[in-house]
Amino acid sequence: MTTFVLVHGMWHGGWAWERVASLLEADGHPCVAVTLPGKDRAPGDPTFRGHCDHLTGVLTGIDGDVVLVGHSYSGALLTEVGAAPNVRAMVYVSAFCLEPGESVASVNDAEAGSEAGKDDIRQVGDYLVIDPDTARNAFYHDCAPEDAAYAVERLTPEHAGTRVAVVSRAAWRTVPSHFVVCTLDRACTPEVQRMMAARTHSWSELEASHSPMLSMPDAVARTIVKFAGEHVA
22 MTTFVLVHGM WHGGWAWERV ASLLEADGHP CVAVTLPGKD RAPGDPTFRG
72 HCDHLTGVLT GIDGDVVLVG HSYSGALLTE VGAAPNVRAM VYVSAFCLEP
122 GESVASVNDA EAGSEAGKDD IRQVGDYLVI DPDTARNAFY HDCAPEDAAY
172 AVERLTPEHA GTRVAVVSRA AWRTVPSHFV VCTLDRACTP EVQRMMAART
222 HSWSELEASH SPMLSMPDAV ARTIVKFAGE HVA
């Protein structure tokens, strides 16, 4: 049995995948919605290295094949540790499919247009925070107002090091990978996404904001299942 492991982006938690996970599970696909360590979120090391170790531990604890799905920042985690022995395929949902030596910051800040870039977030001590109105406009502009409000209320600070951490591996070179480009995205521009999508040689597009898990979970679930079906026996 193949397990779908769903990993969230910066400031979010496993809750961001609830709708997609429910759809996948209703279709008979076991899911694990990971909540990464962080302030006001889950115990453990909140740094990029800590997140990589946490995800590696999750993968090690799963019997059987895994399809690894990442949103936004967690694409860097997929890139770094996604070549685990039981990972058969990966899906990047507006996620950072990086080359060794790149970071989320180096890619997202290289092109103008992001509404969640370095000038749109604040550092408080060792953590980055994003203001509610900024998050609402950058992440959830095509979501129902109540869904956007629910998400904004659950955002938590993210360790500053996660955004600038440099990856040392590129798991997508050896693990079959698909990229979902969100064409209405204001956080990671479609142009930047298409550049990264070309690396995977397999991509599709959704007319969605940065958070299609909330605004169109059916389409996200179908995309994941379709790609998994092509690469997992």
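Converting from the sequence shown to my numbering requires adding 21 to each position, the first position being numbered 1.
Ideal Cβ placement from N, Cα and C applies to all residues, glycine included.
It should be emphasised that the depicted structure is a prediction, and the values quoted were computed from it without experimental measurement.
Residue range of the unbroken beta strand (DSSP E) whose run includes residue i
{"i": "Ala54", "result": "Cys52 to Val55"}
{"i": "Met111", "result": "Val108 to Val114"}
{"i": "Thr23", "result": "Element bounds for Thr23: n/a, residue is neither H nor E."}
{"i": "Gly96", "result": "Taken as a continuous stretch (DSSP letters only), Gly96 belongs to no beta strand (DSSP E), being part of the alpha helix (DSSP H) at Ser95 to Val102."}
{"i": "Ser225", "result": "Trp224 to Leu227"}
{"i": "Leu89", "result": "Val87 to His92"}
{"i": "Val201", "result": "Ser198 to Cys203"}
Residue i in three-state terms, based on DSSP
{"i": "Val246", "result": "helix"}
{"i": "Glu179", "result": "strand"}
{"i": "Ala208", "result": "coil"}
{"i": "Gly65", "result": "coil"}
{"i": "Gly34", "result": "coil"}
{"i": "Val253", "result": "coil"}
Limits of the unbroken alpha helix (DSSP H) element including residue i
{"i": "Thr81", "result": "Phe69 to Thr81"}
{"i": "Leu256", "result": "Coverage of the chain is limited to positions 22 through 254, which leaves residue 256 absent and any answer about it impossible."}
{"i": "Val188", "result": "Here Val188 belongs to no alpha helix (DSSP H), and DSSP marks it neither H nor E."}
{"i": "Met234", "result": "Pro233 to Ser236"}
Cβ pair residue i, residue j closer than 8 Å
{"i": "Cys118", "j": "Phe200", "result": "yes"}
{"i": "Ala116", "j": "Gly96", "result": "yes"}
{"i": "Cys203", "j": "Ala229", "result": "yes"}
Exposure label - residue i; buried when at least 16 CB within 10 Å
{"i": "Pro238", "result": "buried"}
{"i": "Glu179", "result": "buried"}
{"i": "Val28", "result": "buried"}
Which runs of the beta strand (DSSP E) at least 3 residues long sit entirely within the segment 123–163? Give them in chain order. The segment 123–163 contains these whole beta strand (DSSP E) runs: 143–145 and 148–150.
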